[in-house]
Amino acid sequence: MTDTAPLLDPTRVRELFDLRGSYMARVGGGFEGDPYPLWNRLREQAPVHEGALHDLSDYPGEYLFQGLPEPDRPHYTAFSYAACNDIYRDAELFASNPEPIDLSKPSPNNTLLNMGGQQHRRYRALVQPRFAPKQVEWWVRKSIDTIVHALIDHLQGAGRAELNVDFCAAIPVLTITGAFGIPVDQALDLRAANDPMTTVGIIAPLVAARREEPGDDLLTVLVQAELTDEDGTVHRLSDPEIYSFCMLLLAAGSGTTWKQMGITLTALLQRPEVLAAVRADRSLLKPAIEEALRWQPTDPCFARFVTRDTEFHGVQVPAGAVMHINLGAANRDPERFERPDEFDISRTPRPMFSFGGGPHICLGMHVARAEMLTGIGALLDRLPGLRLDPDAEAPRYVGFYERGATAIPVLFEN
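Each residue of the sequence shown is one higher than the one before, counting from 28 in my numbering.
What follows is the structure, given as structure tokens:
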């Protein structure tokens, strides 16, 4: 796969992976400020507030995100670590979906992310083995390591690069599509697909082929996955269920890891002394990634649906309401973390919510960590003197329901 990097159209990558572009408009990509000072004040005032997060943050618009727009439901937002933790711990009161999931239709909404109870446990058990920590090496060997070094091969001779598009954006989308056995020239087609049937049209022939002839890829794992109930009933994934799961992986895998890798790189490049320490002692890279996850998570808010009237952290919340989980604010709760607004890779690690929590904790979190660890480590190994370009616009963190870095222009030694 040494020609992976040149096959990606940089103009199209920039269009699909620009938080401020039209593709990201519905998730608040036009938000340019730092929301954390306001979120800190709101958390200090009360652990839970009435209103959706963007309304409480005076950021006008109607957004499409988990739990949004839902205009006919009352909305509430939790800000404290304790409140968010209570939501994640009670999946019966705070349900992931207001309606039963129809698994007969392929849709990005008919996935593990929206399932609950026994249905969620059953389908997660079917697909989780390939995403377990002990399987990370398969992902690194199968695609991550090859993709990372092919991209660096393409950058290395220029002495300068824009890492957000030329590096960070490409790694996760090619990792996921590569694990499916999808050709590189179709990878961006899947990223751009807004119509589920477009995605199905690309994936369906591959699923059919794996049913006939298994391979060493993720689609084969999904086709062959089996789970036997206590009564002896054997469950396998149907084609529509596989299509829906692929849509979830494409949306989540190619989006969150790209943004989080860019955030982590920006945090290090803007702190040359920390970058130098990580370069000199590579064992510091993992805590640097974990601190970036806590300090600036890419998706700072998710939602649950309240199943019955309840009094929650001093607020009366009716059944049917949407409860937004501001995990970004929770990750900076001073009741949980000392000096929470500081980026400090030496802090003692504590559980956080950047990958969610409870039974719906992110299935791909170990793969995401492996992508960031492999990608950033390889940059430090192969690009001596890596630093921000002082003559270019400095990267900034932008976006609302999805946050990430702007362009990351760098210089390095040839």
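Every residue, glycine too, gets a C-beta built ideally from N, C-alpha and C.
Bear in mind the structure is a predicted one, so any value in this text is a computation, not a measurement.
With a threshold of 16 other beta carbon atoms within 10 Å, residue 402 meets it and is buried.
Residue 70 and residue 110 have their alpha carbons spaced roughly 10 angstroms apart. DSSP places residue 121 within a strand segment (E or B) once states are collapsed to three.
The continuous alpha helix (DSSP H) containing residue 229 extends over residues 223-239. Under the three-state reduction of DSSP output, residue 157 falls in the helix class. Taken atom to atom, the span from the alpha-carbon of residue 268 to that of residue 298 is near 45 angstroms. Taking the C-beta atoms as reference points, residue 147 is found nearer than 8 angstroms to residue 139. In this structure, 343 is the residue among 96, 343, 312, 209 with its C-alpha nearest to the C-alpha of residue 75.
DSSP links residue 350 through a beta bridge to 103, 331. Judged by DSSP secondary structure, residue 436 falls within the beta strand (DSSP E) whose first and last residues are 436-438. Ranking 260, 258, 266, 327 by CA distance to the CA of residue 238 puts 266 first. Scanning 166, 120, 60 for the CA closest to the CA of residue 345 turns up 120. Residue 337 has 344 as its beta-bridge partners, per DSSP. The three-state reading of DSSP puts residue 255 in strand, counting E and B together. The DSSP-derived three-state label of residue 60 is coil. For residue 262, the enclosing beta strand (DSSP E) covers residues 261-263. In its chain, beyond the 5 residues on either side, 107, 108, 109 have a beta carbon closer than 8 angstroms to the beta carbon of residue 362. If you check the CB distance, residue 105 and residue 114 come in under 8 angstroms. Between residue 263 and the set 250, 228, 270, 271, the nearest pair of CA atoms involves 250.
Of all alpha-carbon atoms in 66, 73, 72, the one lying nearest the alpha-carbon of residue 81 is that of 66. According to the DSSP secondary-structure assignment, residue 424 is paired through a beta bridge with 432.
About 18 angstroms separates the beta carbons of residue 190 and residue 320, which is beyond the 8 angstroms limit, so they are not a contact pair. Pairing residue 209 with residue 169, the inter-Cα distance amounts to about 13 angstroms. Straight through space, the alpha carbons of residue 77 and residue 48 are spaced by roughly 30 angstroms. Taken atom to atom, the span from the alpha-carbon of residue 280 to that of residue 72 is near 35 angstroms.
Approximately 19 angstroms separates the beta-carbon atoms of residue 437 and residue 400; this is outside 8 angstroms, ruling out the contact. Shown here, residue 220 sits in coil according to DSSP, grouped into three states, outside any helix or strand. Linking residue 101 to residue 308 through their CA atoms gives a straight-line distance of about 50 angstroms. Non-local beta-carbon contacts of residue 441 in its own chain, meaning distances under 7 angstroms to residues more than five positions away in sequence, involve 184, 186 in chain order.
Between residue 157 and residue 245, the gap from beta carbon to beta carbon is short of 8 angstroms.
In the DSSP annotation of this structure, the continuous segment of the alpha helix (DSSP H) that includes residue 321 starts and ends at 312-322. At the C-beta level, residue 431 and residue 289 come within 8 angstroms of one another.
Rounded to the nearest angstrom, the Cβ distance from residue 397 to residue 167 is 6 angstroms, consistent with a contact under 8 angstroms.
By the criterion of a C-beta distance shorter than 6 angstroms, residue 330 is surrounded in its chain by 93, 94, 349, 351, once the five residues flanking it on both sides are discounted.
Secondary structure note for residue 41: its alpha helix (DSSP H) is the uninterrupted segment 37-43. Residue environment: residue 271 is assigned as buried (16 or more neighbouring CB atoms within 10 Å of its CB, all protein chains considered).
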